[in-house]
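In my numbering, the protein residues as written are 1 to 509. All C-beta atoms, glycine included, are put in the ideal place defined by N, C-alpha and C. Keep in mind it's a predicted model, so treat the numbers as computed, not measured.
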Amino acid sequence: MKRLLRKGSVGRRVFITIVAGEMVFAAVMGVTIGAFSVLSDIHQQQETMRRVSASFAANLMPEIADQQLTHVAAQLESILKTAEVHDVIGICIEDASGKVIVCQGKKSPPDTDEGVRSPLSVLTQEQTVVEPVIVDGLHVASVIVRFAPRGVTPLGTPLLASMIVLATMIAMSIPWAAWRLSLDVVEPLEDLGDYAARLAVGELDAPLPGGTITEIVEFQQGLREMAEQIQSRDKQLLDTYHELESAYHELEQKKNEIEQFSAVKSNFVAIAAHEIRAPLARVSLYAELLEEGEIGKLDATAREAVEAISSAATSLTSIVSDLLDSALLERGLLPIIFGDVDLVKLIEDTLRDSRLLADAHGISVALQGEIPHLTLRGDGSRLRQVLDNLLSNAFKYSTTGSHVLVSATEDAEHVYIKVADEGRGISSEDASVLFTLFGRIDVGDSRDTAGLGLGLAISARIVEAHGGRLTHRPNETGAGSVFCVEIPASGGEERKDTMIKVSGDDSDA
1 MKRLLRKGSV
11 GRRVFITIVA
21 GEMVFAAVMG
31 VTIGAFSVLS
41 DIHQQQETMR
51 RVSASFAANL
61 MPEIADQQLT
71 HVAAQLESIL
81 KTAEVHDVIG
91 ICIEDASGKV
101 IVCQGKKSPP
111 DTDEGVRSPL
121 SVLTQEQTVV
131 EPVIVDGLHV
141 ASVIVRFAPR
151 GVTPLGTPLL
161 ASMIVLATMI
171 AMSIPWAAWR
181 LSLDVVEPLE
191 DLGDYAARLA
201 VGELDAPLPG
211 GTITEIVEFQ
221 QGLREMAEQI
231 QSRDKQLLDT
241 YHELESAYHE
251 LEQKKNEIEQ
261 FSAVKSNFVA
271 IAAHEIRAPL
281 ARVSLYAELL
291 EEGEIGKLDA
301 TAREAVEAIS
311 SAATSLTSIV
321 SDLLDSALLE
331 RGLLPIIFGD
341 VDLVKLIEDT
351 LRDSRLLADA
361 HGISVALQGE
371 IPHLTLRGDG
381 SRLRQVLDNL
391 LSNAFKYSTT
401 GSHVLVSATE
411 DAEHVYIKVA
421 DEGRGISSED
431 ASVLFTLFGR
441 IDVGDSRDTA
451 GLGLGLAISA
461 RIVEAHGGRL
471 THRPNETGAG
481 SVFCVEIPAS
491 GGEERKDTMI
501 KVSGDDSDA
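If you want it as structure tokens, here you go:
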């Protein structure tokens with residue numbers, strides 16, 4: 001018993017729970033039995049009142065039928081004197097119209113309706129029973145009998161008896177429950193706790209404690225198996241940890257090598273582009289002098305060769321510029337210098353200078369709608385670079401005779417510059433690499449579309465540095481693409497000169 005009632009033990013908690021449960025059970029049973037006794041007594045009392053009332057009505061029927069009211073009154077008085085055992089305190093007679101013709105003792109209220117009373121009202125309230133007097137099938141009168149309250153005193157004996165029986169049951173069951181609980185549950189659980197503590201310190205060979213309850217024995221065996229599995233998994237985890245540690249060091253080494261390679265690549269691109277730019281400038285200069293006849297007159301064949309050289313030099317110059325910008329992006333050194341930019345002048349100058357290239361491709365370029373008259377906060381040369389790149393791509397990937405349209409609109413917060421072409425269009429799969437470095441789309445016949453896939457990636461970073469974004473969608477006409485430059489309108493957030501850098505995902509593209 002001491003082990004069972006030890007403070008904080010599971011046995012004590014279970015024992016208290018059992019005792020509390022039995023007390024609650026006893027209380028519920030007592031209330032149930034008491035309520036049943038009360039309701040049974042009430043029902044018996046109600047039946048008694050109905051029988052008594054019916055007996056009074058039968059005895060009074062001849063006098064009531066003969067209208068002998070004096071005899072009726074005398075008989076009512078006699079009944080009241082001899083009916084104390086039934087707690088009758090008043091009897092009244094009503095005729096068929098409801099008028100009281102004779103009354104002895106306490107009168108009934110005129111609105112008495114026994115149907116609305118609760119069963120417990122028999123114990124605490126006066127009761128009225130109405131019994132009709134029927135003569136030859138006709139309702140000639142009603143006998144109204146009034147009874148005194150029953151009271152709760154007669155119910156004490158059955159309630160007390162039921163509580164004594166329940167208390168005796170509890171007194172006998174608690175010691176038995178405590179003894180069986182200690183023997184079958186508490187002691188095996190304490191032994192199981194000792195066994196678990198020994199397993200925790202690594203004594204896997206500790207003997208299993210005894211037990212009689214099947215569930216506890218199965219739990220002991222399961223605990224033993226779990227400990228063995230944990231030991232095996234600990235070894236596996238340790239081996240895995242060493243493998244991960246080795247892989248982590250190898251990954252760090254590879255990462256450093258990749259960073260070094262990226263730095264070497266970036267330096268090489270920057271140096272190579274810088275070194276190529278000077279010879280290209282001289283090639284372009286001499287080609288221009290030859291085309292203008294400054295060095296000497298050229299025949300038709302030589303002029304075609306010079307024009308081809310000049311075109312190739314221009315393409316190479318564009319590629320070199322993109323390579324330099326990509327190298328600066330990877331280093332975070334591509335400069336953005338903010339100032340006031342006239343939107344009308346920016347777009348008109350871009351269209352004017354692009355028409356020569358458009359004519360060379362046999363494509364028309366035009367302004368669609370009016371340009372909003374406003375001043376942007378941005379880098380004019382970089383924004384011009386973005387528009388030049390979008391128009392150049394539109395010319396490259398459009399068919400001869402198609403149209404390229406440039407438009408500009410605004411709302412309360414942004415300015416939208418759109419370049420729409422009628423070219424090949426871009427699939428949803430290819431659109432995912434549009435704005436990544438070297439994310440050039442293979443169109444199958446790209447020999448006339450020189451480039452490294454840098455222009456859109458650089459343009460997107462320039463627009464983002466202005467607080468905007470560069471987006472693409474298919475042309476609503478069903479052919480071609482629409483690129484949209486979205487940047488904050490005049491009066492938006494004040495921005496300062498900065499350097500922009502390519503993100504990690506783009507550098508890996």
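query	result
State the DSSP-derived secondary structure class of His373, mapped to helix, strand or coil.	coil
Gln385 lies in the alpha helix (DSSP H); which residues open and close that run?	380–396
Using a Cβ-Cβ distance under 8 Å, would Ala302 count as near chain C?	Within the model displayed, chain C is absent; a lone protein chain is all it includes.
Give the DSSP bridge partners of Leu138, in chain order.	Val135
With DSSP as the reference, please indicate the residues paired to Ile487 in a beta bridge.	Val415
Note the first and the last residue of the continuous alpha helix (DSSP H) segment covering Thr70.	69–82
Is DSSP giving Gln127 helix, strand or coil here?	strand
Leaving out the 5 sequence neighbours to the left and right, which residues in its chain are closer than 6 Å to Ser142 when beta-carbon positions are compared?	Glu94, Val130, Pro132
Report buried or exposed for Leu76, applying the criterion of at least 16 other Cβ atoms within 10 angstroms of its Cβ.	buried
Terminal residues of the continuous alpha helix (DSSP H) containing Val463?	455–465
Assuming Gln104 and Leu80 form a contact by the criterion Cβ under 8 Å, report the distance between their Cβ atoms to the nearest whole angstrom.	6 Å
Assuming Ile543 and Ala408 form a contact by the criterion Cβ under 8 Å, report the distance between their Cβ atoms to the nearest whole angstrom.	With the chain represented from 1 up to 509, any question about residue 543 goes unanswered, as that position is not in the structure.
Consult DSSP for Asp66 and reduce its assignment to one of helix, strand or coil.	coil
Rounded to the nearest angstrom, what separates Glu476 and Glu307 at their Cα positions?	37 Å
Where do the N-terminal and C-terminal ends of the alpha helix (DSSP H) with Arg352 fall, by residue?	343–361
Could you give the distance in angstroms between the alpha-carbon of Ala305 and the alpha-carbon of Lys255?	48 Å
With three or more beta-carbon pairs closer than 8 Å as the criterion, would you say the stretch 345–356 touches the stretch 310–317?	no
To the nearest angstrom, report how far apart Ala26 and Thr168 are at their CA atoms.	10 Å
Kindly give me the distance between the Cβ atoms of Val386 and Val463, rounded to whole angstroms, as I take these residues to be in contact under 8 Å.	6 Å
Mapping DSSP to helix, strand and coil, what is Val19?	helix
Measuring only the C-alpha atoms, how far is Asp234 from Ile258?	35 Å
Could you tell me the distance, in whole angstroms, from the CA atom of Glu126 to the CA atom of Asp87?	10 Å
May I have the straight-line CA-CA distance separating Glu486 from Glu429, to the nearest angstrom?	23 Å
From the DSSP output, in three-state form, read off Glu476 for me.	coil
Which whole-angstrom value is the C-beta distance of Ser481 and Ile426, which I expect to be below 8 Å?	5 Å
Just the Cα atoms here: how many angstroms apart are Ser53 and Ile42?	16 Å
Looking at C-alpha atoms only, which residue of Leu334, Ala360, Ala366 is the closest neighbour of Asp349?	Ala366
Classify Asp445: buried if its beta carbon has 16 or more other beta carbons within 10 angstroms, exposed otherwise.	For Asp445, the predicted model reports a pLDDT of 49, less than 50, meaning its position is unreliable and no value from the coordinates is stated.
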